[in-house]
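If you count by mature numbering (1 follows the signal peptide of the UniProt record, and there is no 0), then the sequence shown holds residues -27 to -1, 1 to 92, one letter each, in order.
Glycine included, C-beta positions come from ideal geometry on N, C-alpha and C.
All values reported here derive from a predicted model rather than from experimental measurement.
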Amino acid sequence: MIFRGSRQSLGVSALLAVGLLVGFASAAQAEEPVANKQRLEQGRALADSVCSNCHLVSGDQTKAVADVPSFQEIADQPGQTEGAIMARIAIPKHPMPVIPITKNELEDVAAYIMSLRTE
Ligand code: HEC
């Protein structure tokens, strides 16, 4: 009797949990594409104005500094992540300079770079 009771309540809470998860997932799905698109656009705009002096930041760009990795190459590095990209921008290796951007801009531009990943 006791066992059956607790199993039932487990079943109910599992159902509730699944319902909640589905609810969250669909809410996230409804919001994410817009927010993501905005982030990527902001990241791309920032890259165009701040990074394109040295890096090839998109397929549209034809000229950059030789020996500076293109954003495509950076995105396609094996195991690349947004976090690793942010770290390399926040603490750059010579000759990349320290670039004064906000945390939000850093996240946007890292998300933009990762969006170029082809693998
Ligand atoms: C003055 C030129 C210059 C500017 C401006 C510049 N970079 Fe760089 N960047 C470099 C050079 C040179 C390197 C290669 C250094 C190295 O060996 O990692 C580099 C490396 C990087 C790397 C690491 C690449 C790797 O192989 O892991 C990232 C990420 C990066 N830059 C992002 C950016 C972003 C984002 C911006 C704009 C906000 C930017 N850079 C602006 C010159 C520049």
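task: Would you identify the three-state DSSP class for PRO73, choosing helix, strand or coil?
output: Counting from one through the sequence shown, the residue named residue 73 turns up at place 100. Reduced to three states, the DSSP call for PRO73 is coil.
- prompt: Whose C-beta lies closer than 6 angstroms to the C-beta of VAL82 among residues of the same chain, with five residues either side of it excluded?
  reply: Locating residue 82 in the sequence shown gives position 109, where the first residue counts as 1. Excluding residues within five positions, the ones whose Cβ falls inside 6 angstroms are GLY16, LEU19 and ALA20.
- request: Would you tell me roughly how many angstroms separate the C-alpha atoms of LYS76 and GLY52, rounded to the nearest one?
  value: In the sequence shown, residue 76 corresponds to position 103, counting from 1. In the sequence shown, residue 52 corresponds to position 79, counting from 1. For LYS76 and GLY52, the distance between alpha carbons rounds to 23 angstroms.
message: Looking only at its chain, what residues have a beta carbon closer than 7 angstroms to the beta carbon of ARG90, apart from the 5 residues adjacent to it on each side?
response: Mapped onto the sequence shown, residue 90 falls at position 117. Excluding residues within five positions, the ones whose Cβ falls inside 7 angstroms are ALA48, ASP49 and GLN53.
query: Can we count MET69 as close to the ligand HEC, meaning its CB is less than 7 angstroms from some heavy atom?
result: What you label residue 69 is simply residue 96 of the sequence shown in a count that begins at 1. Yes, the beta carbon of MET69 sits closer than 7 angstroms to at least one heavy atom of the ligand HEC.
Completely contained alpha helix (DSSP H) runs for the stretch 22 to 89, where each covers 4 or more residues: 44 to 48, 55 to 63 and 76 to 88
Cβ-based neighbour list, GLY32, same chain, cut-off 7 angstroms, excluding 5 preceding and 5 following: Your numbering for residue 32 matches position 59 in the sequence shown. Excluding positions up to five away in sequence, the list is empty.
field: Euclidean distance between Cα positions of GLU80 and PRO6
entry: In the sequence shown, residue 80 corresponds to position 107, counting from 1. In the sequence shown, residue 6 corresponds to position 33, counting from 1. Roughly 16 angstroms separates the two Cα atoms.
- prompt: Considering only residues of the same chain and omitting the five flanking positions on each side of GLY(-23), which have a CB-CB separation below 6 angstroms?
  reply: Here residue -23 refers to the residue found at position 5 of the sequence shown. Bear in mind that a pLDDT of 49 at GLY(-23), under 50, signals an unreliable position, so the number given afterwards is only what the model happens to contain. Excluding positions up to five away in sequence, the list is empty.
Backbone CA spacing between GLU14 and ILE86 [nearest angstrom]: Counting from one through the sequence shown, the residue named residue 14 turns up at place 41. Counting from one through the sequence shown, the residue named residue 86 turns up at place 113. So the alpha carbons of these two residues sit roughly 11 angstroms apart.
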